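Heads up: the sequence shown is residues -30 to -1, 1 to 228, going by mature numbering (1 follows the signal peptide of the UniProt record, and there is no 0).
Glycine included, each C-beta is placed from N, C-alpha and C at the ideal position.
As the structure is a prediction and not an experimental result, all values here were calculated from the model.
Report on the structure given below.
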Amino acid sequence: MEEILGAISWRSVDRLIWILILHLCSLIKGQSSRSRPSGPLTNDFQNWLVANGYESLNFDRPDIGPSGSFGGRTKKNQKIIREPVIFVHGNADAALYIQPPLATGWSRSIQYFLEQNYTSAELYATTWGDTWAGGNILNAYSTMHTCANLIYLRKFLSAVLDYTGAPKVDIIAHSFAVPLMRKVLKGGKLIATDGNCVLGKPLGHRVDTFLGISGANYGLCVCQLAQTVPAWCNALDGLYPGYTCEDQVSILFALLNL
């Protein structure tokens, strides 16, 4: 049994390594070989945010630069024809491409939508939290379902809805942003490591399509081994999965003992 488990585990690890290598190569090659959209939020959207009380949230993320955000009308009376799409990146990524392989943002996806005749008035993204490109990788392991993160994303969603006047939007979320945005839409109360807060009423009826890519909806199995280190594994608002990962943990121990 141990020999079989070892063979299966090593084949799985070998296959996973090759998949990761090919994926990273495709990201690097793809980002450098095609044009990339550039942010930040348009002047029209930024002026609207200031006029409507959102200025302090810095949705344009000036600390990151042009890659920190995207979206908005290019002229005041520009019509919005298509249902707006909001892109929400995963942990420590950014709205747009900064550097490979970990902070490539939504540049390729947004470029694709632009090529399908969408406009910047119909495509929106902001950078929430820290980004890998900021130089402090350890900050990425402190990202949790905090009031600060959820309120920021909730208000960005509300701002896009109000600014565009659209009855509904589409949301495309990746990785850690998937459970974050699910809670954003669910609303209600939140008990988190940074305090308690009320997100508000449910907003699911304002979303037409929710696309979650590789979402951490059930937490991370590795966090079953460590509930407090790193911080994002805590059981209150982190990625602790509960006792649902026995098979995966057993395989991990088998690999460590080979």
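{"Item": "Could you say if the segment 186 to 206 and the segment 164 to 173 meet the contact criterion of at least three C-beta pairs nearer than 8 angstroms?", "Value": "no"}
{"Item": "Whether or not the segment 134 to 154 and the segment 51 to 65 are in contact is what I'm after, with contact meaning three or more pairs of Cβ atoms, one per stretch, closer than 8 angstroms; do they touch?", "Value": "yes"}
{"Item": "For residue 231, which option in GLY99, PHE15, GLN48 and VAL130 has the closest C-alpha, if you only look at C-alpha atoms?", "Value": "A query on residue 231 cannot be resolved here, the shown segment of the chain reaching from -30 to 228 and no further."}
{"Item": "Say whether the segment 141 to 153 touches the segment 178 to 191, bearing in mind that this needs 3 or more beta-carbon pairs closer than 8 angstroms, one atom from each stretch.", "Value": "yes"}
{"Item": "With respect to the alpha helix (DSSP H) encompassing LEU155, which residues constitute its N-terminal and C-terminal limits?", "Value": "147 to 156"}
{"Item": "Would you tell me roughly how many angstroms separate the C-alpha atoms of ALA62 and GLN48, rounded to the nearest one?", "Value": "33 angstroms"}
{"Item": "Could you give the DSSP three-state label for HIS(-8): helix, strand or coil?", "Value": "Confidence at HIS(-8) is low in this model, with a pLDDT of 46, below 50, so the placement of that residue is unreliable and no value is reported for it."}
{"Item": "Helix, strand or coil for GLY212? Go by DSSP, reduced to three states.", "Value": "coil"}
{"Item": "Along the chain, where does the alpha helix (DSSP H) that runs through THR101 open and close?", "Value": "Looking at the DSSP string, THR101 is not in any alpha helix (DSSP H), and its letter there is neither H nor E."}
{"Item": "Going by beta carbon distance, what residues of the same chain come within less than 8 angstroms of THR44, once the five residues before and after it are set aside?", "Value": "THR12, ASP14, THR89, SER90 and ALA91"}
{"Item": "Report yes or no: do the segment 119 to 134 and the segment 15 to 33 share at least 3 C-beta pairs separated by less than 8 angstroms?", "Value": "yes"}
{"Item": "Which residues in the same chain as LEU27 place their Cβ atom closer than 7 angstroms to its Cβ, once the five residues preceding and following it in sequence are excluded?", "Value": "TYR122 and LYS125"}
{"Item": "DSSP on ASP132, reduced to helix/strand/coil?", "Value": "helix"}
{"Item": "Along the chain, where does the beta strand (DSSP E) that runs through LEU11 open and close?", "Value": "That residue, LEU11, is in no beta strand (DSSP E); it is neither H nor E in DSSP."}
{"Item": "I'd like to confirm the pairing. Which residues does DSSP put opposite GLY182 in its beta bridges?", "Value": "ALA143"}
{"Item": "Excluding five sequence neighbours on each side, which residues of the same chain lie with their C-beta closer than 7 angstroms to the C-beta of PHE146?", "Value": "GLY60, ASN61, THR113 and ALA186"}
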